[in-house]
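2 protein chains.
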Amino acid sequence: MREVAALAKVSIKTVSRVVNGEAGVSPRLARRVLAASARLDYRHNLPASSLRRSDGRSATIGVVLEDIANPFSSALHRGIEDVALTRGVLVLAGSSDEDEERERQLVSAFASRRVDGLIIQPASHDHSYLITERKAGTAIVFVDRPPAFLDADTVLTDNAAGVRRGIHHLLSHGHRRIGYLGDLHTIDTAAERHRGYVEELTEQRVAVDEKLVRLDLRGIEKAEAAALDLLRAPKPPTALFTGQNLVTIGAFRALRHLGLHKKVALIGFDDILLADLLEPGITVIAQDPAAIGRTAAELMFRRVDGDRSASEHKVVVTRLITRGSGEIRP
Amino acid sequence: MREVAALAKVSIKTVSRVVNGEAGVSPRLARRVLAASARLDYRHNLPASSLRRSDGRSATIGVVLEDIANPFSSALHRGIEDVALTRGVLVLAGSSDEDEERERQLVSAFASRRVDGLIIQPASHDHSYLITERKAGTAIVFVDRPPAFLDADTVLTDNAAGVRRGIHHLLSHGHRRIGYLGDLHTIDTAAERHRGYVEELTEQRVAVDEKLVRLDLRGIEKAEAAALDLLRAPKPPTALFTGQNLVTIGAFRALRHLGLHKKVALIGFDDILLADLLEPGITVIAQDPAAIGRTAAELMFRRVDGDRSASEHKVVVTRLITRGSGEIRP
DNA sequence: GTTGTCTTTGACAACGTTGTCAAGCTGCCT
DNA sequence: AGGCAGCTTGACAACGTTGTCAAAGACAAC
Numbered sequence: 000m001r002e003v004a005a006l007a008k009v010s011i012k013t014v015s016r017v018v019n020g021e022a023g024v025s026p027r028l029a030r031r032v033l034a035a036s037a038r039l040d041y042r043h044n045l046p047a048s049s050l051r052r053s054d055g056r057s058a059t060i061g062v063v064l065e066d067i068a069n070p071f072s073s074a075l076h077r078g079i080e081d082v083a084l085t086r087g088v089l090v091l092a093g094s095s096d097e098d099e100e101r102e103r104q105l106v107s108a109f110a111s112r113r114v115d116g117l118i119i120q121p122a123s124h125d126h127s128y129l130i131t132e133r134k135a136g137t138a139i140v141f142v143d144r145p146p147a148f149l150d151a152d153t154v155l156t157d158n159a160a161g162v163r164r165g166i167h168h169l170l171s172h173g174h175r176r177i178g179y180l181g182d183l184h185t186i187d188t189a190a191e192r193h194r195g196y197v198e199e200l201t202e203q204r205v206a207v208d209e210k211l212v213r214l215d216l217r218g219i220e221k222a223e224a225a226a227l228d229l230l231r232a233p234k235p236p237t238a239l240f241t242g243q244n245l246v247t248i249g250a251f252r253a254l255r256h257l258g259l260h261k262k263v264a265l266i267g268f269d270d271i272l273l274a275d276l277l278e279p280g281i282t283v284i285a286q287d288p289a290a291i292g293r294t295a296a297e298l299m300f301r302r303v304d305g306d307r308s309a310s311e312h313k314v315v316v317t318r319l320i321t322r323g324s325g326e327i328r329p
Numbered sequence: 000m001r002e003v004a005a006l007a008k009v010s011i012k013t014v015s016r017v018v019n020g021e022a023g024v025s026p027r028l029a030r031r032v033l034a035a036s037a038r039l040d041y042r043h044n045l046p047a048s049s050l051r052r053s054d055g056r057s058a059t060i061g062v063v064l065e066d067i068a069n070p071f072s073s074a075l076h077r078g079i080e081d082v083a084l085t086r087g088v089l090v091l092a093g094s095s096d097e098d099e100e101r102e103r104q105l106v107s108a109f110a111s112r113r114v115d116g117l118i119i120q121p122a123s124h125d126h127s128y129l130i131t132e133r134k135a136g137t138a139i140v141f142v143d144r145p146p147a148f149l150d151a152d153t154v155l156t157d158n159a160a161g162v163r164r165g166i167h168h169l170l171s172h173g174h175r176r177i178g179y180l181g182d183l184h185t186i187d188t189a190a191e192r193h194r195g196y197v198e199e200l201t202e203q204r205v206a207v208d209e210k211l212v213r214l215d216l217r218g219i220e221k222a223e224a225a226a227l228d229l230l231r232a233p234k235p236p237t238a239l240f241t242g243q244n245l246v247t248i249g250a251f252r253a254l255r256h257l258g259l260h261k262k263v264a265l266i267g268f269d270d271i272l273l274a275d276l277l278e279p280g281i282t283v284i285a286q287d288p289a290a291i292g293r294t295a296a297e298l299m300f301r302r303v304d305g306d307r308s309a310s311e312h313k314v315v316v317t318r319l320i321t322r323g324s325g326e327i328r329p
């Protein structure tokens with residue numbers, strides 16, 4: 000900047016004014032400054048600028064996701080990016096891999112880079128450590144799962160209601176023995192989905208048979224094994240509800256393996272690419288991760304802009320997509 | 000930091016030493032500083048630190064991807080993250096959406112945040128604009144596609160060789176009329192893959208029939224329409240090779256629609272989640288995007304560490320995964 | 001010609017940190 | 001006792017930028 004000022008024969012303050020598009024610089028000088036900065040390949044130094052600025056904004060936000068490579072997280076990420084883009088804000092993202100410690104490390108790394116806001120898909124179960132960040136003025140929004148021991152904005156899917164819709168669909172097709180395969184019960188969404196299963200059955204006066212329920216299935220293989228186990232039992236279920244992406248794939252593999260994929264009904268939570276091309280197509284309760292990301296980003300930027308009203312809790316609805324597997328009758 | 004120094008009754012320089020783990024601070028003072036910074040919830044300010052430091056490292060890198068939500072890009076992203084993590088470096092990522100202008104905007108936004116390095120999956124066809132960044136000391140690595148008008152490190156998949164292996168596989172199963180469906184020919188990888196198709200046929204003395212080739216197919220729908228068209232022609236192909244992810248899905252849809260999915264062979268470039276569960280399973284030439292990401296990140300960090308040797312051009316090999324669709328005989 | 005107002009411009013300090021360098025202290029050797 | 005090396009500590013400037021404020025200039029009104 001000093002060099003640009005020297006070349007344009009103005010003070011560095013004038014260069015600063017031109018760079019920031021401030022009013023009150025004569026067109027003649029502005030042109031000289033622009034020419035000089037083009038000649039010297041001058042690049043504005045944003046970190047230095049935000050160090051000096053009164054508001055201290057870095058025009059950067061931090062996002063903690065379960066895994067930036069998984070389809071749900073990355074669609075969410077993209078939703079956030081699209082909103083951030085409209086404000087010239089860049090997104091730092093990291094994967095927690097369901098590790099509480101890693102979540103905290105990421106937040107800490109974001110904090111030392113002075114991000115304006117955080118969007119967190121939580122892995123940990125105690126977020127009181129974020130009180131410091133909030134005091135420092137960082138906007139915080141939770142997505143997909145609620146925070147614990149911290150009051151903050153959230154954007155969640157209505158998991159229980161989604162599952163209930165799916166279970167209702169199976170019941171209305173005549174099923175009474177509906178198996179449930181779920182992810183780690185320590186993950187809030189998995190617990191919620193399981194709750195939806197129990198609630199809908201109870202409300203419809205169908206007894207919950209614990210032998211038909213398998214929880215804590217992480218990954219395709221474990222889900223496949225559990226499904227095989229369930230389907231080979233003396234009184235097997237006539238339908239399966241799977242509480243997560245990979246669990247659905249595992250269960251479908253098991254059904255295929257046993258030649259039951261056209262006999263036993265299946266509904267999965269979360270849409271899967273290609274689910275429509277399988278035989279039968281897989282009926283799913285689809286979430287809208289991009290919408291969750293957009294909503295969270297909008298909420299977060301409202302806080303960045305100074306909104307200090309009470310925490311908001313938004314719910315993004317699910318959609319039942321019928322493709323065949325959920326419409327098989329017992 | 001000033002406040003911490005005051006509370007610990009030391010100079011701010013001593014606080015700086017403790018925060019940076021520099022040797023030569025007596026344990027007694029170090030303990031006092033640590034206690035004071037814990038009490039005041041002190042957070043080290045990395046942008047300010049790197050402003051002052053002689054090397055000026057921001058411990059942040061920028062990544063331009065085609066779309067952070069697409070499976071290929073996000074696996075690549077994750078590979079980069081895993082390497083960056085080991086150095087405490089954070090990753091800024093953005094989607095170019097195949098838009099040249101957007102690519103440049105992202106690079107410029109990264110540059111004003113003073114990233115230490117850039118990893119670019121290029122959308123544009125002239126990268127001379129990056130000479131400035133390189134002069135400023137930013138390490139630059141290209142992934143998936145080569146740069147134009149710029150000499151830089153690259154990590155590419157051997158696209159032509161991969162396709163040739165697939166075509167060879169089809170030929171060895173007795174096919175002579177092999178259709179080719181490809182993505183936008185302006186994308187370097189798409190052009191390379193098409194080249195592989197032509198080369199292998201030519202080398203094996205099979206005439207290339209232009210009526211069996213459709214390029215510039217962007218997205219599932221267009222690919223599906225083109226495949227339908229091809230398969231309904233007077234002398235339809237007995238096998239299809241699809242040059243990209245979504246094109247493969249579109250082609251499979253078309254085959255299913257015509258009831259030809261167990262009669263016409265299909266090999267696709269890029270693996271697809273669930274491809275093994277379709278009927279028949281889809282034979283693919285699989286890339287390893289996570290390996291590309293890791294390799295690129297390692298190359299980039301070597302440059303950040305001062306390696307000034309000639310540009311390296313790494314090639315990540317493909318793998319043929321047979322699942323049934325590619326083994327159908329005419 | 002003087003005064004007042006408005007616009008343009010620049011000098012200087014400050015943002016939070018670290019590199020440089022010198023001062024102060026301890027302990028050992030002569 | 002004096003000298004010296006080695007360790008610990010702090011004062012100060014500087015990184016690239018912008019907020020503050022005052023000076024300089026332009027112009028109109030009297």
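Residue numbers (numbering that gives the first Met the number 0), protein chains in the order written: chain A, 0 to 329; chain B, 0 to 329.
Think of the CB as a built atom: it goes at the ideal place given N, C-alpha and C, for glycine as much as any other residue.
Does DSSP classify residue 251 of chain B as helix, strand or coil? helix
Taking Cβ-Cβ distances below 7 Å as the criterion, which residues of the segment 100 to 113 of chain B are in contact with chain A? 108, 110, 111, 112 and 113
Is there at least one Cβ from chain A nearer than 8 Å to residue 119 of chain B's Cβ? no
Beta-carbon of residue 89 of chain A versus every beta-carbon of chain B: anything under 8 Å? yes
Per DSSP, residue 313 of chain A forms a beta bridge with which residues? A:154
DSSP three-state call for residue 105 of chain A: helix, strand or coil? helix
Looking at the unbroken alpha helix (DSSP H) that takes in residue 13 of chain A, where does it start and where does it end? 11 to 18
Compute the Euclidean distance between the alpha carbons of residue 81 of chain B and residue 92 of chain A, then round it to the nearest angstrom. 12 Å
Does the distance from the C-beta atom of residue 188 of chain A to that of residue 158 of chain A stay below 8 Å? yes
What's the gap between the Cα of residue 311 of chain B and the Cα of residue 303 of chain B? 14 Å
Can you tell me the Cα-Cα spacing of residue 287 of chain A and residue 244 of chain A, whole angstroms? 13 Å
Residue 179 of chain B - partner residues in DSSP beta bridges: B:212 and B:240
Classification of residue 223 of chain B by the beta-carbon crowding that lies within 10 angstroms, buried from 16 upward: buried
Which bits of chain A does residue 47 of chain B rub up against, with CB to CB less than 7 Å? 50
Integer Cβ distance of residue 195 of chain A from residue 225 of chain A, believed to fall under 8 Å: With a Cβ gap of about 19 Å, residue 195 of chain A and residue 225 of chain A do not count as contacting.
Per DSSP, the bridge partner or partners of residue 93 of chain B: B:63
DSSP bridge partner residues for residue 318 of chain B (one or two, in chain order): B:285
Cβ of residue 251 of chain B within 8 Å of any chain A Cβ: yes
Anticipated Cβ contact below 8 Å, residue 213 of chain A with residue 280 of chain A, distance rounded: So it is not a contact: roughly 24 Å between Cβ atoms.
Strictly below 7 Å CB to CB, what residues from chain A border residue 278 of chain B? 278
6 Å CB neighbourhood of residue 248 of chain A in its chain, flanking five on each side removed: 219
How many whole angstroms separate the CB atoms of residue 44 of chain A and residue 111 of chain B, which I take to be in contact at a CB cut-off of 8 Å? 7 Å
Near residue 269 of chain B, what residues of its chain come up, given a Cβ to Cβ distance below 8 Å and the 5 sequence neighbours on each side ignored? 71, 243, 244, 247, 283, 284, 285 and 286
Nearest residue (CA-CA) to residue 87 of chain B, options B:316, B:241, B:309 and B:296: B:296
Closer than 8 Å, CB to CB, is residue 95 of chain A near chain B or not? no
Proximal residues of chain B, C-beta to C-beta of residue 43 of chain A below 8 Å: 111
Opening and closing residue of the beta strand (DSSP E) in which residue 142 of chain B lies: 138 to 142
Does chain A have any CB closer than 8 Å to the CB of residue 76 of chain B? yes
Strictly under 8 Å for the Cβ-Cβ distance: is residue 192 of chain A near chain B by that measure? no
Where does residue 116 of chain B land, buried or exposed, given buried means 16+ other C-beta within 10 angstroms? buried
Using CA coordinates, which residue listed in A:63, A:120 and A:31 is at the minimum distance from residue 4 of chain A? A:31
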